[in-house]
Amino acid sequence: MAPNAHIKKAITAMKALGIEEAQIKPVLKNLLTLYDKKWDLIAEDNYRALADAIFEAQETQAVEEKKGKEKKANDEAEGSAAEVDRGKRKAHETVEDDEDALDEPERPLKRLRRRGGEVVSASASNSPSLGSPCLNETTTHDPVSLPFHPIPTENDPDAGALVIPKGEPSTDSLENGNSSAPMPEAEETNGRVEEPHGSTAATDDGATTTIERASEHTVATTPEGISALELASSATGEVKINLSFAPATGGSSLHAPSMDELRRAMEDVCLRQYKILDPNFSVSRFLNDIASSYLELATKAEQPANQSPENLPSLTTNVDVLKKSAAAMAFTAEGRNDLAAKDRNGHVRDDENSGAGESMGLVVVPECHISADELRMISSVSDITFGKETVEIPWVNEVNTKVPSPFRYMTQSLVYLDAEVKFSLGNIKDQCCSSCCGDCLSPAMACSCATAIGGFAYTKDGLLQKDFLEECISEARNPQKQVVQYCKECPLEIAKNEETLEPCKGHLKRKAIRECWISCGCTKKCGNQVVQHGLHTKLQVFFTSNGRGWGLRTLEKLPKGAFVCELAGEILTISELVQRSSSEKLTSPVILDAHWDSEEVSGVKRALCLDGTHYGNISRFINHRCVDANLIEIPVHVENMDLHYYHLGLFTTRDIEAMEELTWDYGVEFNDQVYPTRPFHCRCGSEVCRNVKRSSKSKKSKKRA
Ligand SMILES: C[S@@+](CC[C@H](N)C(=O)[O-])C[C@H]1O[C@@H](n2cnc3c(N)ncnc32)[C@H](O)[C@@H]1O
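For the sequence shown, my numbering assigns the number 15 to the initial residue and increments by one for each residue that follows.
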């Protein structure tokens, strides 16, 4: 493009922002030198660099004019005192400041800021405020509005550094009033540097920098507006972050929230809105990082080439609440550890030795800590299994702001305390065919296991044999087809109430799957090993929209008879279950129905159930559906053929579409008052919902806890 065409385009773009031509040209001239006439860089982001430079020039001019007035008005001492720390005076501008501000030249638009890659006008939305009660939607992608700095790249390693390029005058606009000189990056924004005595420094190659002055008392701020974020650094490496806001509500009724309140609110926002999922995320660390990055940028030009990042000052965060004003919050990230004294608990003390006293008479509150539970909860967002399953299972909540309550994920059931579950080689050696090899399901394999238990339950595709599945479904849905066994002295009834012993309500004798295991000579690829290899389906935990809390859905199509997951949890004895459910609400314990009265099983420690409330696998999110659920639980013997302990595998009862919710019939009777689980009003939506038709339902149906 011809040079004139470039200039024309640039001027047109700036005019569109309401900037007059007279203001554009001198700045553009300087920018061309600065960018070595690289128009593509200048034109980037709709001439963002040019717009920024113009605003900076205007701001610098305003600052200079203001300073001139102050000088005239007198009193050098007062003038320099006012310059020391911009943070001290920013929260509430004095009346005098307001009057001064009126004298400032009108700016066509506030500074352009970067928002997720777009260039937007800061005037288009309020700056977000940490802890501000009026945090709104417009803050979504920009939790803390920072001045934009070009990011160093391979092509432009100096982008973002606090360097005035070679050939530029060593004194910049702030000192000589040359308002058209480009501002160093750290002073981008409104550029109100109030410490005029910072000196410039020459680098080895003769280029001059504003490092010393900038690092002495530089304040970088966001555009003025309702809120402002300021960063200030000193030569000692101390970086202060100061966020001021003037909430629309105003007035003296405001109270400064505690840092804990603020932290929780912020972390909630981060989790919900910005999906910051890193378990290490904390607000204080985030602020620390801002300070750290600022310092790194601010000191970059000074560093000898061989200076490693480890030598940069290490920062500790000292979170303060501004005492003076309820409508101002200040966060200070100290550049030196010794500035902040800590008490025995690691909390920052505000004593005279701590250096915190320098921070505008601030009240010091403890450093932010995130509890282990919160950490667990936050970190579980992307994969609720914590990488324990072979597939990741994310969770989403498109309904409200709730997050899943913390629990410990485990892929396999584990004994809580007293349950008697023993697996021993001695116990299993005769259960499976030791002469097998390869895949027991292969037709060439004349495996004796197949005949021993009436054939395998699985097809070669890893699905349940049709007939077997149909029988299981029929058994579960038709009480008349169920084989129910009754104990003389039912462990469940004993545990519920030993004094007035109720008769046994019956336990289902169900069809079961028997899988090959260690004692069998087959390989891991044997088709008769399914449940023991864990879940492989792409699943998602989601919040249901009809009051059933969280639910589980499949993200992929599933054929009928497919294994989805096991019901895993703590293995409790029935007495442990009853004890536990008397003191807390259990959500889904499952009784392992068995021949409890038989010789094999007898003994209270062998009457077992599973509780996934605190420790469990993904099945703890599966909701109940009466009768026609799309999953069915089937007993699976893996390690032994004991009647009192087995796995419960959940298999599909029909083809299931992607995104369909997965449900299984808990087997609950909604009118059972002594049911040892949290009662709930069933919202399964099934036409045959037992909660609706409970009066006409037989109580003699299958019985689980
Ligand atoms: C195993 S949990 C299932 C996950 C649970 N929705 C959650 O939010 O964690 C069982 C609990 O879910 C709720 N629930 C499950 N199925 C339900 C249904 N059909 N109607 C209403 N609530 C149900 C009940 O509160 C029940 O105690």
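Beta carbons: idealized from backbone N, C-alpha and C, even for Gly.
Between E570 and the rest of its own chain, which residues show a CB-CB distance below 7 Å, the 5 nearest in sequence each way excluded?
Once the five neighbours on either side are set aside, the close Cβ partners of E570 are T551, K552 and A672.
For my contact list, S700 and D642 are in at a C-beta cut-off of 8 Å; report their separation, rounded to the angstrom.
Contact holds; Cβ gap of about 5 Å.
I'd like to check one pair, R639 with C698: are the Cβ atoms closer than 7 Å?
Cβ atoms of C698 and R639: closer than 7 Å.
When every heavy atom of ligand 1 is checked, does at least one fall within less than 6 Å of the C-beta of S700?
Because no heavy atom of ligand 1 lies under 6 Å away, the Cβ of S700 does not count as near it: no.
Is the beta carbon of F684 within less than 6 Å of some heavy atom of ligand 1?
Every heavy atom of ligand 1 is 6 Å or more from the Cβ of F684, so no.
Ligand 1 heavy atoms versus the CB of S597: any closer than 6 Å?
False, no ligand heavy atom lies under 6 Å from that Cβ.
Measuring straight from C-alpha to C-alpha, what distance separates E584 and P573?
Approximately 30 Å, taken between the alpha carbons.
Tell me whether G563 counts as near ligand 1, meaning its Cβ is closer than 6 Å to at least one heavy atom of that ligand.
Flag set: Cβ of G563 near ligand 1.
Using 6 Å as the cut-off, classify the Cβ of C623 as near or not near the heavy atoms of ligand 1, replying yes or no.
No.
Can you give the beta carbon distance from L664 to W678, rounded, assuming they're within the 8 Å contact cut?
Confirmed, Cβ separation roughly 6 Å.
Taking 7 Å as the cut-off, decide whether the C-beta atoms of T558 and G452 are in contact.
Contact flag unset, no.
What is the C-beta distance between G548 and G476, in whole angstroms, given that I count them as a contact (C-beta under 8 Å)?
Contact flag wrong, Cβ pair sits at about 13 Å.
Would you say Q479 and A471 are within 7 Å of each other, going by their C-beta atoms?
Yes. Within cutoff.
Can you tell me the Cβ-Cβ gap for E403 and T425, rounded? I've got them flagged as a contact below 8 Å.
That belief holds up - the Cβ atoms of E403 and T425 are roughly 6 Å apart, short of 8 Å.
Could you check if E516 is buried or exposed, using at least 16 other CB atoms within 10 Å of its CB as the buried criterion?
Classification for E516: exposed.
Using 6 Å as the cut-off, classify the Cβ of C696 as near or not near the heavy atoms of ligand 1, replying yes or no.
The answer is yes for C696.
Who pairs with H628 in a beta bridge, going by DSSP?
According to DSSP, H628 bridges with nothing at all.
Going along the chain, which residues of its own chain have a beta-carbon closer than 6 Å to the beta-carbon of Y61, five neighbours each way excluded?
Here the set comprises A24 and A27.
Is the CB-CB distance between R528 and H651 below 7 Å?
Yes, they are a contact pair.
Using alpha carbons as the reference points, say which of F437, Q494, K29 and L566 lies closest to N654.
Selected option, being the one with the closest Cα: F437.
Can you tell me whether K495 is helix, strand or coil according to DSSP?
K495: helix per DSSP, three-state reduction.
What first and last residue would you give for the alpha helix (DSSP H) that runs through I38?
Here the alpha helix (DSSP H) through I38 covers E35 to L48.
If you check the beta carbons only, do V410 and F577 fall under 7 Å apart?
No, they are not a contact pair.
Is R634 a contact residue of ligand 1, with contact defined as CB to any heavy atom under 6 Å?
Yes - ligand 1 has a heavy atom lying nearer than 6 Å to the Cβ of R634.
Leaving out the 5 sequence neighbours to the left and right, which residues in its chain are closer than 6 Å to K29 when beta-carbon positions are compared?
Excluding residues within five positions, none has a Cβ falling inside 6 Å.
Taking 7 Å as the cut-off, decide whether the C-beta atoms of T667 and I646 are in contact.
Yes, the Cβ-Cβ distance between T667 and I646 is below 7 Å.
My assumption, with CB atoms under 8 Å, is that Q496 sits in contact with L455. Please give the rounded CB distance.
Q496 to L455, Cβ: 29 Å. No contact.
Does the Cβ-Cβ distance between I588 and A509 come in under 7 Å?
Against a cut-off of 7 Å, the Cβ pair of A509 and I588 comes out as a contact.
Is the closest heavy atom of ligand 1 to the C-beta of S602 under 6 Å?
The answer is yes for S602.
Give the DSSP-derived three-state secondary structure of L506 in the structure shown.
The answer is helix: DSSP assigns L506 an H, G or I state.
Heavy atom of ligand 1 less than 6 Å from the Cβ of Q628, yes or no?
This sequence places His at residue 628; Gln is not what is there. It does not: the Cβ of H628 is nowhere closer than 6 Å to a heavy atom of ligand 1.
Please return the same chain residues whose Cβ sits closer than 7 Å to the Cβ of C518, not counting the five positions on each side in sequence.
Closer than 7 Å at the Cβ level, and outside the excluded window around C518, lie Y500, C501, C504 and E507.
Please say whether Y659 and V429 have beta carbons closer to each other than 7 Å?
Contact flag unset, no.
Answer with buried or exposed for Q593, where buried requires no fewer than 16 other C-beta atoms within 10 angstroms of its C-beta.
Its Cβ having fewer than 16 others within 10 Å, Q593 is exposed.
Taking the alpha carbon of K474 as the reference point, which residue from Q543, L483, V413 and T514 has its own alpha carbon closest?
Nearest C-alpha to K474: Q543.
What's the C-alpha gap between E78 and T399?
When rounded, the distance between both Cα atoms is 59 Å.
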